[in-house]
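A.B. asks: One structure is given below, represented as structure tokens, and several questions about it will come after.
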Amino acid sequence: MALPVRKKQFELDGAKFTIAPLTYDEMEEYSRRVKETNEKRIALKLEDDQPIPEDMRKEMRLNAFYLICRGLNNAGAEPEITPAILSAEIDDVLGAALATEILQFNGLKVPSGIELANRLRSPEGETPASS
405 MALPVRKKQF ELDGAKFTIA PLTYDEMEEY SRRVKETNEK RIALKLEDDQ
455 PIPEDMRKEM RLNAFYLICR GLNNAGAEPE ITPAILSAEI DDVLGAALAT
505 EILQFNGLKV PSGIELANRL RSPEGETPAS S
């Protein structure tokens, strides 16, 4: 017998989603991925005003896609959501907001979706504008 899954609705600018938290195993995998990415980023020894390199931003985005796919698929998304679908159908603001909402549903405190989106979409050589 499969256990019931906690689910909740999330809406941003008219886009409606049903999300679920990640399982313990999925959170362990997500944490491992994020830790590995953060260790690589720290090894770069970037100054505060230096942009995150493109390959590192792509790795960060893949980590976010792992999280979002699990959060949507655990809620029963049909068809199953993949990183390719996310890449083709969402923007950075929606992706960051979904990731934030899923992490918060897992009981974690995280930066706002806008803060995360600004970090991911800032091209090399540019610093995101503050609001």
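Numbered according to the numbering used here, the sequence shown spans residues 405 to 535.
Note that the Cβ used here is the ideal one computed from N, Cα and C, for glycine as well.
(1) Could you tell me the boundaries of the alpha helix (DSSP H) in which E432 lies?
(2) Between A503 and the rest of its own chain, which residues show a CB-CB distance below 7 Å, the 5 nearest in sequence each way excluded?
(3) Between which two residues does the alpha helix (DSSP H) containing L502 stretch?
(4) What does E415 pair with, by DSSP beta-bridge criteria?
(5) Under 8 Å by Cβ, that's how I've got M460 and K444 pegged, so tell me the actual separation to the nearest angstrom.
(6) Would you report the Cα separation of A479 and L426, rounded to the nearest angstrom?
(7) Count the other CB atoms, across all protein chains shown, that sit within 10 Å of the CB of L512; report buried if there are 16 or more and exposed otherwise.
(8) Give me the Cα-Cα distance between V497 and D453, rounded to the nearest whole angstrom.
(9) For T422, which residues in the same chain have their Cβ closer than 8 Å to its Cβ, ignoring the five residues on either side in sequence?
(10) Considering just the uninterrupted stretch of the alpha helix (DSSP H) at L476, what are its terminal residues?
(11) Note the first and the last residue of the continuous alpha helix (DSSP H) segment covering E451.
(12) Does the Cβ-Cβ distance between A501 and L416 come in under 8 Å?
C.D. replies: For this structure:
(1) For this step, residue 432 is matched to residue 28 along the sequence shown. Its alpha helix (DSSP H) spans residues 428–447.
(2) On the sequence shown, position 99 is the one that residue 503 refers to. Around A503: A468, L471, I472, L520.
(3) Numbered from its first residue, the sequence shown carries residue 502 at position 98. Taken as a continuous stretch (DSSP letters only), the alpha helix (DSSP H) holding L502 covers 496–509.
(4) Indexing the sequence shown from 1 puts residue 415 at position 11. For E415, which the question treats as bridged, DSSP gives the partners K420.
(5) By one-based count along the sequence shown, residue 460 stands at place 56. By one-based count along the sequence shown, residue 444 stands at place 40. Yes, they are in contact, since the Cβ atoms of M460 and K444 sit about 7 Å apart, within 8 Å.
(6) Position 75 of the sequence shown, counted from the start, is the residue given in the question as residue 479. Position 22 of the sequence shown, counted from the start, is the residue given in the question as residue 426. Those two C-alpha atoms are separated by around 10 Å.
(7) As a first step, residue 512 is located in the sequence shown; it is residue number 108 there, counting from the start. With fewer than 16 Cβ atoms within 10 Å of its Cβ, L512 is classed as exposed.
(8) What you label residue 497 is simply residue 93 of the sequence shown in a count that begins at 1. What you label residue 453 is simply residue 49 of the sequence shown in a count that begins at 1. If you take the alpha carbons of V497 and D453, they lie about 22 Å apart.
(9) Stepping through the sequence shown from its first residue, residue 422 is reached at position 18. Correct list, in chain order: K411, K412, Q413, F414, L476, A479, G480, A481.
(10) To locate residue 476, count along the sequence shown from 1; it is residue 72. Run containing L476: 458–477, per the alpha helix (DSSP H) assignment.
(11) By 1-based counting over the sequence shown, the position of residue 451 is 47. Where E451 is concerned, there is no enclosing alpha helix (DSSP H), given that its DSSP letter is neither H nor E.
(12) What you label residue 501 is simply residue 97 of the sequence shown in a count that begins at 1. What you label residue 416 is simply residue 12 of the sequence shown in a count that begins at 1. A contact, by the Cβ cut-off of 8 Å.
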